[in-house]
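>
Residue numbers (the working numbering): 36 to 100.
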């Protein structure tokens, strides 16, 4: 069975960007319309990360015979 791949710099970047957007939307500029835009951007980042991580998990080349 294929093991879960380790997190790399792209995974950490997606998490840090989402956290930064939440801080921007709720602390720096707490406007309702801006918060909707922040959540839309977080959803898009999550979907891109989900496809990237799933592809990395499914198509990982197994080094053992």
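Glycine is no exception: its CB is placed at the ideal position from the N, C-alpha and C atoms.
Using CA atoms only, rank isn't needed, just tell me which of 38, 64 and 53 is closest to residue 84.
On the chain shown, residue 84 is found 49 positions in, with the first residue counted as 1. It is 53.
> According to the neighbour-count rule (16 or more other Cβ atoms, all chains shown, within 10 Å of its Cβ), is residue 41 buried or exposed?
To locate residue 41, count along the chain shown from 1; it is residue 6. Classification for residue 41: exposed.
> By a C-beta neighbour count over all protein chains shown, 10 Å radius and 16 as the cutoff for buried, is residue 49 buried or exposed?
Taking the first residue of the chain shown as 1, we reach residue 49 at position 14. Buried: at least 16 other Cβ atoms inside 10 Å.
> Taking the straight line between their C-alpha atoms, what separation do you get for residue 76 and residue 89?
In the chain shown, residue 76 corresponds to position 41, counting from 1. In the chain shown, residue 89 corresponds to position 54, counting from 1. In a straight line, the C-alpha of residue 76 is about 20 angstroms away from that of residue 89.
> Are there 16 or more other CB atoms within 10 angstroms of the CB of residue 72, so buried, or fewer, so exposed?
Position 37 of the chain shown holds residue 72. Its Cβ having fewer than 16 others within 10 Å, residue 72 is exposed.
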